[in-house]
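First to last, the sequence lines map onto chains A and B.
1 is the number of the first residue of the first sequence in this note's numbering; add one for each residue after it.
420 is the number of the first residue of the second sequence in this note's numbering; add one for each residue after it.
From the three backbone atoms N, C-alpha and C, an ideal C-beta is built for every residue, glycine too.
No experiment lies behind these values; they were computed from the predicted model shown.
Remarks on the structure that follows.
2 protein chains.
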Amino acid sequence: MVSQIIRRLALVPQGGNTGLVGGSVPVQDEIILSLSRMNKILSFDPASGALVAQAGCILQNLDDHVAQHNFLMPLDLGAKGSCQIGGNISTNAGGLRLLRYGPLHGSVLGLEVVLANGQVLDLLRTLRKDNTGIHLKHLFIGSEGTLGVVTAVSIQCAPRPSSVQVVFLGLESYAAVTQVLSKARKMLGEILSAFEFLDAECMRISTSFGSVNPLGSAPASDAGSTQSGQIFPFYALVETHGSNGAHDREKLDAFLEAVMADGEACDGTVAENVHQASQIWKIREGISEALPHCGAVYKYDVSLPTPLMHRLVEEVRAQLAQWPGALALGYGHVGDGNLHLNIVSPKAYPDLKAQIEPFVFEWVSNANGSISAEHGLGQMKADAIYHTQSPTAVDVMRSIKNLLDPQHILNPYKMLPKD
Amino acid sequence: MVSQIIRRLALVPQGGNTGLVGGSVPVQDEIILSLSRMNKILSFDPASGALVAQAGCILQNLDDHVAQHNFLMPLDLGAKGSCQIGGNISTNAGGLRLLRYGPLHGSVLGLEVVLANGQVLDLLRTLRKDNTGIHLKHLFIGSEGTLGVVTAVSIQCAPRPSSVQVVFLGLESYAAVTQVLSKARKMLGEILSAFEFLDAECMRISTSFGSVNPLGSAPASDAGSTQSGQIFPFYALVETHGSNGAHDREKLDAFLEAVMADGEACDGTVAENVHQASQIWKIREGISEALPHCGAVYKYDVSLPTPLMHRLVEEVRAQLAQWPGALALGYGHVGDGNLHLNIVSPKAYPDLKAQIEPFVFEWVSNANGSISAEHGLGQMKADAIYHTQSPTAVDVMRSIKNLLDPQHILNPYKMLPKD
């Protein structure tokens with residue numbers, strides 16, 4: 001079907017359209033190729049955990065399906081209720097649990113892809129190991145629909161944990177966040193499934209729009225305090241996935257005792273049930289939901305060496321003084337070195353983005369980071385690619401694009417910079 | 420240095436030369452480019468676990484290095500004492516613990532590659548997440564040195580487990596092996612690090628050359644028995660890697676109790692110390708060491724749906740009746756659906772390979788398997804690629820080969836079939 005549509009007209013493959021860099025939005029007169037109706041689950045093998053599904057399946061639906069067999073999708077992200085697996089693959093979505101379940105390059109078993117010439121490239125195997133020739137499927141993971149349209153996916157699911165624990169900690173400094181991360185790696189080991197952080201600005205914004213801070217409730221006499229009470233400079237959300245609840249709680253108790261005794265965490269709470277756990281996750285996920293209510297938002301998604309992550313936020317704050325009311329917030333997947341730096345401004349100052357964006361990209365480039373950790377380049381960041389990739393690398397990318405899509409009909413003007 | 424050597428002469432990149440399909444051996448007059456002296460460890464970051472090393476580093480040496488910081492290389496294989504990391508990457512080595520630590524496509528963070536035109540492609544980042552353009556590094560993982568020469572590697576190491584447990588089980592049937600695997604996945608969950616199987620022929624050969632079978636010792640009165648006593652039809656080696664020895668032993672005891680109580684395992688033993696664990700691993704690793712002493716050996720390394728894995732061995736055995744003394748042995752990474760089928764024959768019958776090989780490849784192809792799970796295609800299996808890959812896929816591979824190496828000077832006559 002898709003192969004019959006692909007002819008000579010430029011087109012934009014579109015999944016759930018939840019991307020943040022305009023990758024699934026036409027630039028000129030491209031046709032949108034929506035995959036939404038290709039939403040069938042083709043098979044699931046409970047012996048191996050291999051799921052085969054059409055590209056338009058919504059991630060949440062796939063996770064619900066494999067949950068019936070006690071399996072878990074190996075990726076999870078805030079947009080899971082609307083993003084589609086084909087888009088996840090095409091953008092190499094990272095998300096909340098990459099720390100534990102690894103990147104999609106490790107868990108995708110096979111793909112079906114329609115090439116620019118209309119040929120169907122059938123790589124839809126369910127094997128864990130296959131070393132026969134060039135590993136073509138990886139070309140289509142993360143190349144944002146510019147080399148082919150992913151129409152079906154085979155993916156390795158993980159056993160669903162019988163025990164999920166969530167801890168929320170308040171900390172005095174970013175250095176403490178990294179110390180607690182190091183301790184979590186050591187003491188929680190194989191059960192650690194997520195390690196997220198947020199700073200005080202994030203907590204203020206998230207709690208202003210409905211999240212509840214479970215730490216540091218104000219004493220009853222303090223009538224002037226906000227509903228969320230005392231705010232710590234930093235927070236960490238630590239999650240475990242395990243197969244034995246008693247063992248997991250024992251590891252977690254030892255971890256908590258150590259981070260409190262060593263003074264790394266000032267306060268902490270363990271979710272006692274699923275409801276409390278989801279309330280804690282809501283603080284983290286509520287940040288990006290709250291931001292659009294606060295003004296113009298500029299989003300950056302960068303990879304940095306973990307110790308440097310919040311220094312960038314602080315240096316951006318220093319730059320922001322010239323735009324009254326503009327705030328920088330830092331949060332993200334600290335366990336993967338992935339910072340979400342968001343700038344929110346009550347007014348859309350025309351020069352703010354023009355001045356801040358080069359500052360951020362150069363700072364990240366100087367730190368050997370990536371200007372796009374998981375969001376991709378799309379149309380908004382394509383021209384910034386040289387901040388992370390060398391001219392030789394971009395030349396090789398261009399030559400592959402020209403080889404597989406000589407007429408540039410697949411998602412044109414995206415990912416690669418203008419000549 | 421490598422970029423100065425690459426000019427117009429055909430060359431064969433060679434690491435530890437431990438491959439099994441002739442991938443690192445010249446076919447005609449190609450020059451061998453040995454990476455052995457590029458053996459420096461460039462950096463290790465104990466905060467993130469990112470190791471950067473030159474391609475000629477021996478896997479064992481890298482593991483010893485990161486062990487000092489309580490980290491573990493994310494791959495392990497029998498040849499670790501001589502194979503090199505550049506060769507591991509170029510062949511997408513799988514090995515004993517892929518089940519736990521995933522494929523190299525998930526753990527390689529970056530590469531430095533010299534292209535056929537002498538350009539150095541610097542993708543040597545240490546970031547866990549980077550979505551800036553086509554994910555080029557994956558082109559060089561598993562393409563057997565035909566697209567570029569890997570000269571340096573950046574790889575994500577895993578925390579080294581403080582507790583390693585090894586269990587060895589004797590079983591009556593292959594069905595029992597798969598049942599025990601399923602139970603191990605459920606009851607050992609996140610600590611399961613390897614699940615290997617071997618059949619009775621493997622045990623006989625391995626124990627004839629120095630391994631000791633810890634199960635079913637013969638009664639003292641049975642003077643005619645072999646040193647290894649009673650032989651079960653199948654054996655399973657189950658290993659765990661964990662961060663808490665008491666928890667791991669508790670999980671393992673419950674697992675053992677369940678597989679014995681349910682009659683899936685007939686006998687079993689837990690290694691009480693490192694020496695006993697290495698004795699058990701020696702049975703598994705001793706198989707391929709013993710085979711060359713027994714005659715001509717034909718090796719097949721295939722991926723199959725787990726339930727079918729040993730049926731292929733049995734059907735090959737039925738075919739072998741016409742060659743007196745020829746034996747088929749089945750063992751391998753059952754947790755990954757990866758069977759090592761070995762045929763050993765006291766005489767090198769000229770027609771044995773000619774008749775058995777097409778039978779094996781067609782059988783695997785009909786079962787939607789892969790004719791090379793982890794060994795690659797090299798020069799010995801290049802022409803068999805169509806048993807696993809479609810003509811469209813092979814055409815795309817050829818076009819990428821022609822794009823990146825138009826003169827076919829990089830490892831010619833390997834991996835891709837003759838035109």
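Practice item. Kindly give me the distance between the Cβ atoms of B/Thr551 and A/Gln389, rounded to whole angstroms, as I take these residues to be in contact under 8 Å. Key: 6 Å
Check your understanding: At least one CB of chain B closer than 9 Å to the CB of A/Val166: is that the case?
Key -> no
Practice item. Compare the C-beta of A/Ile6 with all C-beta atoms of chain B and state if any pair is closer than 9 Å. Key: no
Point to revise | Euclidean distance between Cα positions of B/Gly714 and B/Val763 | key: 6 Å
Check your understanding: How would you label A/Gly210, buried or exposed, when you count the other beta carbons within 10 angstroms and need 16 or more for buried?
Key -> exposed
Check your understanding: Which class does A/His408 belong to by DSSP, given the choice of helix, strand or coil?
Key -> coil
Check your understanding: In terms of alpha-carbon separation, which member of A/Ser24, A/Gln60, A/Val66 lies closest to A/Phe44?
Key -> A/Val66
Review point. Between A/Gln28, A/Ala116, A/Arg128, A/Leu20, which lies nearest to A/Ala93 when the distance is taken from Cα to Cα?
Key: A/Leu20
Practice item. Scan the stretch 273 to 329 of chain A and note each continuous beta strand (DSSP E) run of 3 residues or more that stays entirely inside, going in chain order. Key: 296 to 303
**Study point:** contact_flag[the stretch 701 to 709 of chain B, the stretch 592 to 603 of chain B] where n(CB pairs < 8 Å) is 3 or more
**Key:** no
Exercise for review: Anything in chain B within Cβ reach of A/Leu139, meaning under 8 Å, just list it in chain order.
Suggested key: Ile553, His554, His557, Leu558
Practice item. Mind checking which residues open and close the beta strand (DSSP E) that includes B/Thr626? Key: Looking at the DSSP string, B/Thr626 is not in any beta strand (DSSP E); the run it does join, the alpha helix (DSSP H), is 619 to 627.
**Study point:** Cα-Cα separation between A/Ala10 and A/His135, rounded to whole angstroms
**Key:** 27 Å
Review point. Is there at least one Cβ from chain A nearer than 9 Å to B/Lys820's Cβ?
Key: yes
Check your understanding: Counting pairs of Cβ atoms below 8 Å between the stretch 21 to 29 of chain A and the stretch 54 to 71 of chain A, do you hit three or more?
Key -> no
Practice item. Would you mind stating whether A/Val149 and A/Val114 have Cβ atoms separated by less than 9 Å? Key: yes
Review point. Around the Cβ of B/Pro777, are there at least 16 other Cβ atoms within 10 angstroms (buried) or fewer (exposed)?
Key: exposed
Review point. Hey, is B/Gln808's beta-carbon within less than 9 Å of any beta-carbon in chain A?
Key: yes
Review point. Grouping DSSP H, G and I as helix and E and B as strand, with all else coil, what is B/Val631?
Key: coil
Point to revise | Residues of the stretch 335 to 348 of chain A whose Cβ lies closer than 9 Å to any Cβ of chain B, in chain order | key: Gly335, Asp336, Gly337, Asn338
Practice item. List the endpoints of the continuous alpha helix (DSSP H) containing A/Ile356. Key: 350 to 366
Review point. Who are the near neighbours of A/Cys266 in its chain, counting only those whose CB is closer than 7 Å to its CB and skipping five residues on each side?
Key: Gly170, Leu171, Glu172, Phe232
**Study point:** Which residues DSSP lists as bridging A/Gln84, in chain order
**Key:** A/Ile58
Practice item. Consider the Cβ of B/Arg544: report whether some Cβ of chain A lies at a distance smaller than 9 Å. Key: yes
Review point. Based on Cα-Cα distance, which residue from A/Val297, A/His333, A/Ser303, A/Gly337 lies nearest to A/Ala326?
Key: A/Val297
Exercise for review: To the nearest angstrom, report how far apart A/Gly245 and B/Ile819 are at their CA atoms.
Suggested key: 49 Å
Exercise for review: Work out the CA separation of A/Ser143 and B/Gln826 for me, nearest whole Å.
Suggested key: 27 Å
Exercise for review: Compare the beta carbon distance of B/Gln503 and B/Gly564 with 9 Å and say whether it is the shorter of the two.
Suggested key: no
**Study point:** Cβ pair count under 8 Å reaching 3, the stretch 725 to 744 of chain B against the stretch 773 to 787 of chain B
**Key:** yes
Exercise for review: Using three-state DSSP, classify A/Ser182 as helix, strand or coil.
Suggested key: helix
Exercise for review: Could you tell me whether the Cβ of B/Thr437 comes closer than 9 Å to any Cβ of chain A?
Suggested key: no
Review point. Using a beta-carbon distance below 9 Å, is A/Ser370 in contact with chain B?
Key: yes
Check your understanding: How would you call A/Ser228, buried or exposed, if buried means at least 16 neighbouring beta carbons within 10 angstroms?
Key -> Note that A/Ser228 has pLDDT 46, beneath the 50 cutoff, so the model's placement of it is unreliable and no number is given.
Exercise for review: Would you kindly check if the distance between the Cβ of A/Lys80 and the Cβ of A/Gln60 is under 9 Å?
Suggested key: yes
Point to revise | C-beta contact flag for B/Ala842 and B/Leu829 at 9 Å | key: It is not possible to answer for residue 842 of chain B, since the shown part of chain B is limited to 420 through 838.
Practice item. Leaving out five residues on either side along the sequence, give the residues of the same chain with a beta carbon under 6 Å from the beta carbon of A/Glu239. Key: Val166, Ser193, Ala194
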